[in-house]
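*Asks:* Pasting a structure below so you can have a look.
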Amino acid sequence: MKLSKTYEPKAYEPNIYQLWETSGAFKPSGDGEPYSIIMPPPNANASLHTGHAMFVVQDILIRYHRMKGDRTIY
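Once you know that position 49 of the sequence shown is 48 in numbering that gives the first Met the number 0, the rest is easy, because the numbers rise by one and skip nothing.
This is the structure we're talking about:
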């Protein structure tokens with residue numbers, strides 16, 4: 000099988016995104032209380048600094064609440 004040397008996202012990503020939408024990948028699951036954190040992930044446009052550690056805390060919190068059964072989306 001010969002593979003293309005370049006990646007063509009338009010050929011694959013619309014079908015993959017549709018699969019994610021129909022499967023409910025973007026919907027929170029769980030029966031618990033809603034829990035959300037509204038902060039974007041760190042950008043790779045500069046050197047990382049100690050402020051980026053807050054993103055680790057947010058990630059831990061959202062994972063903790065999801066494991067508890069809360070309806071989380073991040």
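Glycine included, every Cβ here is placed at the ideal spot set by N, Cα and C.
Could you tell me if threonine 71 is buried or exposed, where buried requires 16 or more neighbouring beta carbons within 10 angstroms of its beta carbon?
*Replies:* Threonine 71 is buried by the Cβ-count criterion.
*Asks:* Using only the alpha-carbon positions, how far apart do lysine 74 and threonine 5 sit?
*Replies:* Residue 74 lies beyond the residue range present for the chain, which begins at 0 and ends at 73; the question has no answer from this structure.
*Asks:* Am I right that isoleucine 61 and tyrosine 73 are in contact with their C-beta atoms under 8 Å? What's the rounded C-beta distance?
*Replies:* 4 Å
*Asks:* Look at glycine 23 and arginine 65 and say whether their C-beta atoms are less than 8 Å apart.
*Replies:* no
*Asks:* Which of the three DSSP states is assigned to proline 8 in this structure?
*Replies:* helix
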